[in-house]
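Here's the structure we're looking at; comments come further down.
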Amino acid sequence: MQNHKEEALAYHIKHPRGKIGIVSTKPTNNSHDLSLAYSPGVAYPCLEIQKNPDLSYEYTNRSNLVGVITNGTAVLGLGDIGAACGKPVMEGKAVLFKKFAGIDVFDIELNTKDPDEFIRAIQLMEPTFGGINLEDIKAPECFYIEEKLIETMNIPIFHDDQHGTAIIVTAALLNSLIITGKKAESIKVVISGAGAAAIAISNLIIHIGVKSENIFLVDSKGVINHNRIDLNEIKKRFIRNTPETTLKDIICDADLFIGVSQKDLVTKEMVASMAKDPVIFALSNPDPEISYYDAVSVRNDLIMGTGRSDFPNQVNNLLGFPFIFRGALDVRAKRITLEMKLAASFALAELAREEVPAGMMSAYGEELFTFGKGYIIPKPFDPRILFKVAPAVAEAAVKSGVARIPFKGKEIYSEYLNNYTFQ
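Just so you know, we're using my numbering here: the sequence shown kicks off at 2 and counts up by one.
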C-alpha cells in the first residue's frame, strides 16, 4: 500500500501538475487563425448568440461541457475534507468523462458549506455549461441543493453519488430477479445506510416494482421504524412499522441486502439468515459490509456484488454517468428525468444479457463472461456501453419532453458517436 501511495503521488505531481488541461480544438497557426479565434472574428458568434441564445450550443463548447462541482463535504470515503482537498477527485471525474464519453469538464470546487450560497454560485454559471454533475456533497444538504437547482435551471443537474449508484444497482437487481425467478413486488429489501445513495436507490427500485413497504433502511442508530424520534425529514419518508431495531434482526429472510455504509457490518450468520437465493450488493469501498469470500463461503445460492473491481459484479458508477450525460447533452435535455434514469438501468441490464465480444474479454485477462450469477452487469471497459446507454437516455429524454432537439434514431446516433466522440 505504501508503494501505491508513492506511485499515486508521483503520478499527480508529474509535470504538468494534476490530471487535466485545456486543449485548443481549432488551428492557431498564424495571425489569420488568431483573428478568427479572437479579435475581430470572435465578435460575430457573440452577436449571433445575442440574437438567439440557443446558438451558444452551436458556436461554443457548451454542448459538450459539463461542470463537475463539489464543496468537499463528503469526498469518497474521506468525509468532509474541504473543497481544495476534493479537487483531485473532481479532476479524476473529468478524466473519466473524457475517456469514456468524450465529454469535456471544468472541475469547480466551491469553498462554502452554505447550501444557498452553493446553489447561487452554480445558478450564475448556467450559461457556461451543458450540464452539471454534483459530486461529493454530504446529506441531507445534497437533496436540497439538487432539488433547488433542478427547479431553477434549464440544464441537466445530476448528483452522481445519489443517482449513479441507484441506476447501476437497479440494473443489477433487474438481472438478479431474472436469475432467481423472483418478482420485484414480492422481495424484501434491506439497505444499510440512509444517506444520498441509499435514498436514491430506494426511490428508484420502487419504479421497477419493489413495494415501498418492503424496503427497510438501517442507519447508524438502527432500523428506521415507527419508534424512532430522531429522524430528519428525508428519513421520515422511510419509516416502516416493524418491531425490528437492528440490522441482524431485519436482514432475516431478506431477499436483497444493499450496503452503502461501512465495512464489516454484516456477519456470516446474517447471510445465512437471508431468504433462499439471496442477493447482496455490499458497496462500501474499499472494504465492503461483508467480504466477498466470507459471503460466498456461507451459501452457494448467493448473488454477490461489491464496489470493487477485483470481484465479480462490480457496481461502479462509471457504468452510468458518462453515458447518461452523453445522451442528455446530445439532445440538449433541460433535465435528467426518471424515464432517463430507468432507460439507463434497463439498457445496462439488457447489455449484460448479450454475448460478450471476444475482444472485450482480452481487456480482462481473457476471462470468460456469460450472463449468470457472476456476471449480472457489464464491465466498465466494455465499449458497447456508450452505444447502448447514451441512445437509450437520449430517446427517453425526447419521450419525456425535456429534449430541445430531436433524437435522430439509434442508427444515425450510433454513427455520430462512432465518428465524432472518440476521433
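Just so it is clear, CB atoms sit at the ideal spot from N, CA and C, and this is done for glycine as well.
Worksheet item: Can we say the region 290 to 297 touches the region 251 to 267, given the rule of at least three CB pairs closer than 8 Å?
Response: yes
Worksheet item: Below 7 Å between beta carbons: does that hold for L387 and F324?
Response: Residue numbering aside, residue 387 sits at position 386 when the sequence shown is read from its first letter. Residue numbering aside, residue 324 sits at position 323 when the sequence shown is read from its first letter. Against a cut-off of 7 Å, the Cβ pair of F324 and L387 comes out as a contact.
Practice prompt. Report the option in K139, T129, A391, I251 whose CA atom is closest to the CA atom of H160.
Written response: Numbered from its first residue, the sequence shown carries residue 160 at position 159. Cα-wise, what sits closest to H160 is K139.
Discussion item. Please report the distance separating the alpha-carbon of L248 from that of I259.
Written reply: Here residue 248 refers to the residue found at position 247 when the sequence shown is read from its first residue. Here residue 259 refers to the residue found at position 258 when the sequence shown is read from its first residue. Cα-Cα distance, rounded: 12 Å.
Fill in: Identity of the residues DSSP links to I304 by a beta bridge
Residue 304 sits at position 303 when you count from the first residue of the sequence shown. For I304, which the question treats as bridged, DSSP gives the partners V280.
Worksheet item: CB-CB under 7 Å to A84, same chain, minus the five flanking residues each way: which ones, in chain order?
Response: Reading the sequence shown from its first residue, position 83 is the one you call residue 84. Excluding positions up to five away in sequence, the list reads T71, N72, G73, E110, L111, N112.
Worksheet item: Starting from D161 and walking both ways along the alpha helix (DSSP H), at which residues does that stretch end?
Response: Sequence index remark: in the sequence shown, residue 161 carries index 160 (1-based). Here the alpha helix (DSSP H) through D161 covers 161 to 181.
Practice prompt. Just confirm the distance between the C-beta atoms of R300 and V272, as a whole number of angstroms; I'd bet it's less than 8 Å.
Written response: Locating residue 300 in the sequence shown gives position 299, where the first residue counts as 1. Locating residue 272 in the sequence shown gives position 271, where the first residue counts as 1. The Cβ separation is near 6 Å, so the contact holds.
Worksheet item: If you check the beta carbons only, do A195 and K236 fall under 7 Å apart?
Response: For the purposes of this step, residue 195 is taken as residue 194 along the sequence shown, with counting starting at 1. For the purposes of this step, residue 236 is taken as residue 235 along the sequence shown, with counting starting at 1. Contact: yes.
Worksheet item: For I192, which residues does DSSP report across the bridge?
Response: To locate residue 192, count along the sequence shown from 1; it is residue 191. Looking at the DSSP assignment, I192 forms a beta bridge with L218, I259.
Discussion item. So for R63, helix, strand or coil by DSSP?
Written reply: Against the sequence shown, residue 63 aligns to sequence position 62. If DSSP states are grouped into helix, strand and coil, R63 belongs with the helices.
Discussion item. My output table needs one value for N204: the three-state DSSP class, helix, strand or coil.
Written reply: Residue 204 sits at position 203 when you count from the first residue of the sequence shown. Correct three-state label for N204: helix.
Worksheet item: For A393, is the classification buried or exposed, using 16 other Cβ atoms within 10 angstroms of its Cβ as the cut-off for buried?
Response: Sequence index remark: in the sequence shown, residue 393 carries index 392 (1-based). Result: buried.
Discussion item. Am I right that E340 and K400 are in contact with their C-beta atoms under 8 Å? What's the rounded C-beta distance?
Written reply: The count along the sequence shown starts at 1 and reaches residue 340 at position 339. The count along the sequence shown starts at 1 and reaches residue 400 at position 399. Their Cβ separation, rounded to whole angstroms, is 6 Å, which keeps E340 and K400 in contact under 8 Å.
Fill in: Buried or exposed (CB count within 10 angstroms, at least 16 for buried), S193
In the sequence shown, the residue the question calls residue 193 occupies position 192. The residue is buried, with at least 16 neighbouring Cβ atoms inside 10 Å.
Fill in: Spatial distance of S177 from P41 (CA atoms)
Stepping through the sequence shown from its first residue, residue 177 is reached at position 176. Stepping through the sequence shown from its first residue, residue 41 is reached at position 40. Going from the Cα of S177 to the Cα of P41 covers about 60 Å.
Worksheet item: To which residues of the same chain is V403 closer than 7 Å at the C-beta, ignoring the five residues directly before and after it?
Response: Looking up residue 403 in the sequence shown gives position 402. Counting only Cβ-Cβ distances below 7 Å, and skipping sequence neighbours, we find A334, K335, R336, T338.
Worksheet item: Under the DSSP definition of a beta bridge, which residues are partnered with L266?
Response: What you label residue 266 is simply residue 265 of the sequence shown in a count that begins at 1. Note: L266 sits in no beta bridge, so no partner.
Worksheet item: DSSP beta-bridge partners for V332?
Response: Stepping through the sequence shown from its first residue, residue 332 is reached at position 331. According to DSSP, V332 bridges with nothing at all.
Worksheet item: For Q315, which beta-bridge partners are listed by DSSP?
Response: The residue given as residue 315 occupies position 314 in the sequence shown. DSSP output for Q315 lists T307 as bridge partner(s).
Discussion item. Considering Cα atoms alone, identify which of L205, K189, K183, K184 is closest to A344.
Written reply: Counting from one through the sequence shown, the residue named residue 344 turns up at place 343. Out of L205, K189, K183, K184, L205 has the C-alpha closest to the C-alpha of A344.
Worksheet item: Nearest to R385 by CA position, among A255, A38, L320, D231, is which residue?
Response: Taking the first residue of the sequence shown as 1, we reach residue 385 at position 384. Among A255, A38, L320, D231, the Cα nearest to that of R385 belongs to L320.
Discussion item. If I follow the unbroken alpha helix (DSSP H) through N4, where does it start and stop?
Written reply: As a first step, residue 4 must be located in the sequence shown, where it is residue number 3. First-last of the alpha helix (DSSP H) with N4: 3 to 14.
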